[in-house]
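The listed protein sequences correspond, in order, to chains P and X. Residue numbers for the first sequence, in the working numbering: 54 to 158. Residue numbers for the second sequence, in the working numbering: 498 to 657.
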Amino acid sequence: MSQFGFAAVEQGLRIERARAAVLAADTANASTPGFIAKDVVTSLSGDADAPFSARLHEISAGGSAGTLEYAMAATAKNAVTYRALAGQERAMLREFKVVAEEAGR
Amino acid sequence: MIDPSLAFDIAASGMTAQRANMDVIAQNLANADSATVAGAPYRTQSVVFEPATLNDDGNAADGADEFAVDLDGGAFDYAPQGVRLADVVDAPATEQYRYDPSNPLAARSGPRQGFVMESDVDPIGQMIGLISAGRAYDADVAALQGAKQMDVEADDIDRQ
Numbered sequence: 054m055s056q057f058g059f060a061a062v063e064q065g066l067r068i069e070r071a072r073a074a075v076l077a078a079d080t081a082n083a084s085t086p087g088f089i090a091k092d093v094v095t096s097l098s099g100d101a102d103a104p105f106s107a108r109l110h111e112i113s114a115g116g117s118a119g120t121l122e123y124a125m126a127a128t129a130k131n132a133v134t135y136r137a138l139a140g141q142e143r144a145m146l147r148e149f150k151v152v153a154e155e156a157g158r
Numbered sequence: 498m499i500d501p502s503l504a505f506d507i508a509a510s511g512m513t514a515q516r517a518n519m520d521v522i523a524q525n526l527a528n529a530d531s532a533t534v535a536g537a538p539y540r541t542q543s544v545v546f547e548p549a550t551l552n553d554d555g556n557a558a559d560g561a562d563e564f565a566v567d568l569d570g571g572a573f574d575y576a577p578q579g580v581r582l583a584d585v586v587d588a589p590a591t592e593q594y595r596y597d598p599s600n601p602l603a604a605r606s607g608p609r610q611g612f613v614m615e616s617d618v619d620p621i622g623q624m625i626g627l628i629s630a631g632r633a634y635d636a637d638v639a640a641l642q643g644a645k646q647m648d649v650e651a652d653d654i655d656r657q
């Protein structure tokens, strides 16, 4: 498994973790006057050590109820993505372990 | 690097705020039929929330910016904030009277003789507010559970 694979998955995990906090803030502040809800979007950076770049963008979901619905849906999707990334990381670590054991024989 | 427990603290602050909101709504509903409180009619109260930056212990802190998200190759300057109760405010004064001469609180003389001052609580509006607060509380719980699931997944990676 390439180092790039680990870098990509681990950065993805960090971004999804940060996104969870941003979405939790959107949920908690849905009824706060003047609060502007935000979300995290990622794109490829072309950097091997940090393959993705993350940036914030403001969301306009139509009031308190809309912000709550957006944040809940995004939180659910974020959790699924995080789980998939964690599964990928585990699979890569297992593969890494097998290769290391083979090399040791 | 973002504090892994930040989502927990933010969601918890939201739950605390919505709990306070429900307490105020319950107080309004309980006083919907109160004629007077200390000589004046009960006035509907409502909560005002404000964003709150959180300390390590999850308590609100003023001006702290220690949770700015800093990701490798993808830093963005933003500190996700919790929420806190800024104030509980009275609704604008409106005088509502009900003719009830047998009520011991009814005016005994003057142009309002036999009338009692009523509270301005709108029970239907308060019930809608209660449902909204419950929904917001549920959303905070969902955010908390999402963060918990992330911790479980991360812990599972550690065991590999």
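Beta carbons: idealized from backbone N, C-alpha and C, even for Gly. None of the values given here were measured: they were computed from a predicted structure.
The Cβ atoms of X:Ala636 and P:Met125 lie closer than 9 Å to each other.
When the alpha-carbon of X:Gly643 is set against those of P:Arg67, P:Ala90, P:Val62, P:Lys130, the nearest one is in P:Lys130.
P:Ala77 sits close to X:Ala640, with the two beta carbons spaced by under 9 Å. Per DSSP, the unbroken alpha helix (DSSP H) holding P:Glu122 starts and ends at 116-157. DSSP places P:Ala71 in the helix class (H, G or I) of the three-state scheme. Counting only the Cα atoms, X:Pro601 lies some 47 Å from X:Val638. For X:Leu627, the enclosing alpha helix (DSSP H) has its first and last residue at 620-655. With respect to the 9 Å criterion, X:Gln524 and X:Pro548 are not classified as neighbours on the basis of their beta carbons.
P:Ser96: member of the beta strand (DSSP E) spanning 91-97, first to last residue.
Here X:Ser616 is buried. Its C-beta has 16 or more other C-beta atoms within 10 Å.
Per the Cβ contact rule, the stretch 107-121 of chain P is not in contact with the stretch 146-156 of chain P (fewer than 3 Cβ pairs under 8 Å). In terms of beta-carbon proximity, X:Pro548 lines the interface with chain P, with at least one pair separated by less than 9 Å.
Taking one beta carbon from each stretch, the stretch 602-621 of chain X and the stretch 94-112 of chain P have fewer than 3 pairs nearer than 8 Å; the two do not touch.
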